[in-house]
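Heads up, the thing below is written out as structure tokens.
Residue numbers (the numbering used here): 1 to 366.
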């Protein structure tokens, strides 16, 4: 199963809206075939593994990190291929998170006389596809809040100056994250102050994410760099604005190839939940939130942050008016703190990278 997970991870950033899946065919203790799902519309991992095994798959075991599909989509059901191959046993990490199909594929395999084992390395399998699971169950993208902060938790000086909080190692890791997720989200404040490109130019062979700007009043200039990138990048630029934002400004952006989405607003800001629903409808499964304190705070209040990744730099601003990582409102006691689970810690040059899943205080798990 660990090999299946390693194979599945090779599809990271390329399989959306499908999950990452790897499969290994084993016979008499030897691997005779393996494969992974490369991208949506191509053969699934199980099919690739069976193709590699050929006729030797009869009587063999197949290990796969996610329940094989049993429905017709862009490709035929994998269950039919597994049955036709004459497998003896199928070992599955986790069942399909979709409550409408959960366990259906496994039941079909059992009816065909194939032994089915589930729950092998279940936590690892669930972690690999946490974005896919949340998207299926809640119909919104999985949101990773990424921030570079000083040791005292500040993302910028009081003037807004933030270049550079983190070092080159952390910035390269950030570009790798962009390459692995479907979209990157910033607010109009970041777009205006930094004029960012929001690409993954530091990743060789990388794929730029969809660039999304939360911009209630359409303040983004048609001359911004992320607008100019539309012509030469494989990824589009989208702007989410309020329903009453200027039609003329929208047309100016659209004439440059930018797509404009209109949603409701609250206190002058885009409603996070409505915006994420619009993104989910476009097939965005995962997104990296790189906004400033205000936008991060809006996502936090809406409980739409699922994972936090912080690059902590060994420097301090020591200024109470320097900008915080998240501006979400008062917290009176430490009981109001929100903990992270499944935490990992590593080094990126001189910076410390901390990653964890958000565990909301009411017991809700993202």
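Note that CB positions come from ideal geometry on N, CA and C, so glycine has one too.
Near residue i, what residues of its chain come up, given a Cβ to Cβ distance below 6 Å and the 5 sequence neighbours on each side ignored?
i	result
residue 166	148, 311, 313 and 351
residue 112	83
residue 176	203
residue 354	310 and 345
residue 283	17
residue 183	209, 210, 212, 284 and 287
residue 321	158
residue 48	35
Would you grab the beta carbon distance between residue i and residue j for me? Rounded to a whole angstrom, and I think it's under 8 Å.
i	j	result
residue 65	residue 104	About 18 Å; that fails the 8 Å criterion.
residue 325	residue 153	6 Å
residue 11	residue 37	5 Å
residue 212	residue 17	With a Cβ gap of about 16 Å, residue 212 and residue 17 do not count as contacting.
residue 263	residue 250	About 13 Å separates the two Cβ atoms, so there is no contact after all.
residue 134	residue 342	Wrong, their Cβ atoms sit about 14 Å apart, outside the cutoff.
Any idea if residue i is buried or exposed, counting beta-carbon neighbours within 10 angstroms, 16 or more meaning buried?
i	result
residue 164	exposed
residue 365	Bear in mind that the predicted position of residue 365 carries a pLDDT of just 49, short of 50, making it unreliable; the figure below should be weighed with that in mind. Classification for residue 365: exposed.
residue 159	exposed
residue 238	buried
residue 361	exposed
residue 358	buried
residue 44	buried
residue 243	exposed
residue 34	buried
residue 290	buried
residue 316	exposed
residue 216	buried
residue 79	buried
Is the beta carbon of residue i sitting closer than 9 Å to the one on residue j?
i	j	result
residue 121	residue 93	yes
residue 70	residue 25	no
residue 157	residue 295	no
residue 328	residue 292	no
residue 107	residue 209	no
residue 308	residue 279	no
residue 195	residue 235	no
residue 257	residue 227	yes
residue 192	residue 222	no
residue 46	residue 76	no
residue 118	residue 101	no
Take residue i and list the residues in its own chain whose beta-carbon comes closer than 8 Å to its own, dropping the five residues that flank it on each side.
i	result
residue 363	Per-residue confidence for residue 363 stands at a pLDDT of 49, beneath the threshold of 50, marking its modelled position as unreliable; no derived number is given.
residue 304	140, 143, 272, 273 and 276
residue 3	22, 24, 31, 34 and 63
residue 319	154, 157 and 158
Enumerate in chain order the residues of its own chain whose CB-to-CB distance from residue i is below 7 Å, with the five nearest sequence positions on each side excluded.
i	result
residue 246	218
residue 169	348, 349 and 351
residue 179	13, 200, 203, 206 and 207
residue 131	142, 285 and 286
residue 128	5, 8, 9, 20 and 65
CB of residue i to nearest heavy atom of the ligand NAD: below 8 Å?
i	result
residue 204	The model depicted lacks the ligand NAD and carries no ligand whatsoever.
Nearest chain D C-beta to residue i closer than 9 Å, yes or no?
i	result
residue 127	Chain labels in this structure do not include chain D; a single protein chain is all it has.
inquiry  = Which runs of the alpha helix (DSSP H) at least 4 residues long sit entirely within the region 9 to 56? Give them in chain order.
reply    = List check, alpha helix (DSSP H) in window: 45 to 53.
task = Taking only runs that begin and end inside the region 265 to 349, name each unbroken beta strand (DSSP E) of 3 or more residues, in chain order.
result = Counting only runs of 3 or more, we get 286 to 289, 307 to 312 and 339 to 348.
inquiry  = Quick check for students: name the residue ranges of the beta strand (DSSP E) that lie wholly in the region 60 to 146, counting only runs of 3 or more.
reply    = With a minimum length of 3 residues, the continuous beta strand (DSSP E) runs that stay inside the region 60 to 146 are 61 to 66, 89 to 94 and 115 to 118.
query = In chain order, which alpha helix (DSSP H) runs of at least 4 residues are fully inside the region 164 to 209?
reply = Here the runs fully enclosed are 168 to 180 and 188 to 194.
ask   = Whole beta strand (DSSP E) runs in the region 228 to 266 with 3 or more residues, listed along the chain?
value = As far as the region 228 to 266 is concerned, its whole beta strand (DSSP E) runs of at least 3 residues are 237 to 242 and 259 to 263.
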